[in-house]
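The sequence shown begins at 1 in this note's numbering and counts up by one. Heads up, the thing below is written out as structure tokens.
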Amino acid sequence: MFNCARNKFNMTFNTAMALILLSYSGRTQETTTLPHKVNNSFAIEVVTSMHSMYQFQNFAFYISQHWMDSNLAGDFLQRFWNDFSMVPSVIMLSNIKKMKGFLDTASLCLVLTTNRKDPIMQVAASSLEGVRRFKTLFLYFPLSKETPSFHQEIDHIYEWIWQNQFINSALLTVDNNVFIQEPYPRPLVVNITENWSVESFFVNYRVNFKGYIIDTPMQRDIPRVFYMTKAPPGVKDNKRISGFSGKFFIAFVEHINATYLQADRIDEPAKLDEILDMVKERKLEISMHSYTDMLNPSTDNSYPIGINDWCIMVPFRNRTPEHEYLHKSFQTYSWLLICFSVVYIALGIWLCSPVDQRDLGLSFLQAVCSTLLIMPLKLLYIPTAHMRFLFLLLFVLGFLETNLYISKMASYLTATPEGPQINTIQDIIDEQLPIMVMTYEYAVLVLKNFPQEFLDLVVTVNQTRMNQHRAVFNTSYGYSTQSDRWNFANLQQRYLKNPIFRLSKICLGPYYMVYPLVRDSHLAQPLNDFVWDTFETGHTMLWQMEAFADALYLGYVHMIPNQDHFEPLTLNFYRSLWMLWGCGLLLSCLAFSAEMQSGRNWRKWGNSCCKCFESVCDKIMEM
């Protein structure tokens, strides 16, 4: 590693870094063929011209082993330091280090090689992984100057350069030859020795790929990608790609002036794992099938086109038994407060009544009637100030309660209350509801340490079977889903009074929704720029709604009608009243039987207890 700083007269500090390949197995003692020398003055002139335009802050050198067996490295670097006035400090590295994070866009990487199979080429590719879009200058020092092999080797080098996606590159070689590559519409090596200029290097093709062909499969993955087999009314093109991700991808291809090669597997369900493997193996450079990045694959990804949570959609429990309407309408503490109010009012009426007319049972009955806003006329004519004040107070409170709360309570009590929903893992276990998930999703659930009782309910399926059940809202299962898929499917329930499915609180994420790309793809930066511009213009919401309209037109989805039939009330609706009436009847029978059995002794004991209680209350009132 060479670290070099500008002299003190320069306000900025530049760094030059050189990775020197020593050997993978140590230095050999065999005599190696020395490479032919490149004109150092010409190479420095080219670098100086580039530096004058781009103002490089960092230089990274990758030096071939063949250079270490000659004076070529020393001569070139000495000229470089003299022209750039740098003072180097040297650190020898025998391993491969990633330069991502150490370099920025104001960097120039120089690879000094002897051929395509030179080990330094692999060192440079591995070291610059993730930043191969940075400007790179290859200095080719051939071991042979024979014309056929020389030009063939240059073609091979540029074939390697394109394969490894060094998209901003130039090549200098012997006899002051300068080569560049025009990547679009097909990679072409161009010799610009006679008319080179600094503007000839590192041309920006981000918005003009000149019809470059992008070949990637298209499979059915509703709502993200699907094929329009027939055109909607008013649309002339009867063959087009729809779905949010499909529309996004086609708009990007048109934006960069590229060409999409139509695939022929449009009716097959999307196999995401196979697509990711093809991108990983560089059989595909990009896929139009976006995915939720919960797998952390070894492919590169675009800038997120959305943010998804991975959740479980479960059937909606849409009814509560009619006899539980009243019970479910109030919480426990509300019922306790009502009971306390009845007892409190009964005690107040009993204390305010004349001594000779006190009746505990009648007071309790009056308390119940007052709570229900029913006023027995018999007690209204009691000529005592206490009772008149008490009934006036009950009347005012009843009037306020009627005007403030009765309309709200009536509307609430006449509405169908929502039953307890499935929201947690324990709810699924208690319900014994099987959950369908994709095979690759099950591996993630295992890593997240979900309970074994829950994992036993998980059913792993492929995309075809998942679509067969999830698309028709089969309530026999719960299903894994992502935010964009749920939002799309939920549009079918928009007119329902109660949905068929709902989203539970069992979620993982958030995860990015991205397009898979090969590492250091030349499409990455144009795609990222397009994603940013698209979000600023708001096209994403438009494409989502258009995708739903297209799927609705093709019959992939259906608007579910609201079938709210009138159902007459049954006796089951009054179950709570029958139960209350039955309990009251049973208690009254028991009380009547007890009175008959106890006879006079029971009555005397009751009268004595009442007199004791009355005397205690009178003393309290006198105090």
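All C-beta atoms, glycine included, are put in the ideal place defined by N, C-alpha and C. Note that the coordinates shown come from a computational prediction; the quantities given were computed from them, not determined experimentally.
Secondary structure of residue i, DSSP reduced to three states
i, result
"SER615", "helix"
"TYR205", "coil"
"TRP578", "helix"
"TYR479", "strand"
"ARG220", "strand"
"PRO119", "helix"
"GLN357", "helix"
"GLU182", "strand"
"SER197", "coil"
"LYS135", "strand"
"ASP520", "coil"
"ASP456", "coil"
"ILE192", "coil"
"LYS247", "helix"
"LEU372", "coil"
"LYS258", "With the sequence shown as reference, residue 258 is identified as Ala, and Lys is not the correct amino acid for it. Of the three classes helix, strand and coil, the one that applies to ALA258 here is coil, per DSSP."
"MET559", "coil"
"LYS408", "helix"
"MET92", "In this prediction, MET92 has a pLDDT of 45, which is less than 50 and means its spatial position is unreliable; nothing more can be read from the coordinates."
"TYR440", "helix"
"ASN177", "strand"
"PHE530", "helix"
"VAL472", "coil"
"ILE167", "coil"
"ASP215", "strand"
"ARG485", "helix"
"ASN449", "coil"
"ILE157", "helix"
Same chain, Cβ closer than 8 Å to residue i, five either side skipped, listed in chain order
i, result
"SER25", "With a pLDDT of 33 at SER25, under the threshold of 50, the modelled position of that residue is not reliable, and no figure is offered here."
"SER615", "none"
"ILE192", "VAL178, PHE179, ILE180 and SER200"
"ILE429", "PRO451, GLU453, PHE454 and LEU457"
"ILE425", "PHE450, PRO451, PHE454 and ILE506"
Classification of residue i by the beta-carbon crowding that lies within 10 angstroms, buried from 16 upward
i, result
"ALA346", "buried"
"SER41", "exposed"
"GLY306", "buried"
"SER483", "buried"
"CYS612", "exposed"
"SER107", "buried"
"LEU372", "exposed"
"GLY478", "buried"
"THR113", "buried"
"ASP359", "exposed"
"SER242", "buried"
"PRO217", "buried"
"ARG485", "buried"
"LEU404", "exposed"
Sequence-distant residues of its chain with Cβ nearer than 6 Å to residue i (five each side left out)
i, result
"THR136", "CYS109, PHE166 and SER169"
"HIS255", "PHE530"
"ALA124", "TYR62 and VAL111"
"ASP309", "SER483, CYS507, GLY509 and PRO510"
"VAL557", "GLN492 and ALA551"
"TYR158", "GLN181 and VAL189"
"SER49", "VAL198"
Contacts around residue i, its chain only, beta-carbon distance under 7 Å, and the 5 residues preceding and following it disregarded
i, result
"TRP543", "PHE244, LYS247 and PHE248"
"GLU30", "Its pLDDT being 44, under 50, GLU30 is placed unreliably by the model, and the measurement read from it follows with that caveat. Closer than 7 Å at the Cβ level, and outside the excluded window around GLU30, lies no residue."
"TYR442", "VAL458 and THR460"
"GLY348", "LEU390"
Best match in the options for proximity to residue i [C-alpha to C-alpha]
i, options, result
"VAL47", "SER64, LYS37, PHE84 and TYR62", "PHE84"
"ASN39", "THR173, GLN366, GLU431 and ALA591", "THR173"
"ILE286", "LEU590, ALA489 and ALA524", "ALA524"
"PRO185", "ASN191, SER52, ILE214 and VAL198", "ILE214"
"VAL178", "LYS210, VAL203, PHE138 and HIS156", "PHE138"
"PRO304", "ASN528, PRO142, PRO434 and TRP335", "ASN528"
"ARG224", "GLY398, ASN423 and MET513", "MET513"
"LYS634", "ALA60, LYS117 and SER64", "In this structure the chain extends from 1 to 623, so residue 634 is not present and cannot be described."
"ILE422", "ARG358, ILE500, ASP267 and VAL368", "ILE500"
"SER480", "PHE592, ARG79, MET53 and LEU445", "LEU445"
"GLU153", "ASN115, LEU171, PRO183 and PHE134", "ASN115"
"PHE102", "ASP300, ALA251 and SER127", "SER127"
3 or more residues per run - each beta strand (DSSP E) lying fully within the segment 274-339: Here the runs fully enclosed are 306-315.
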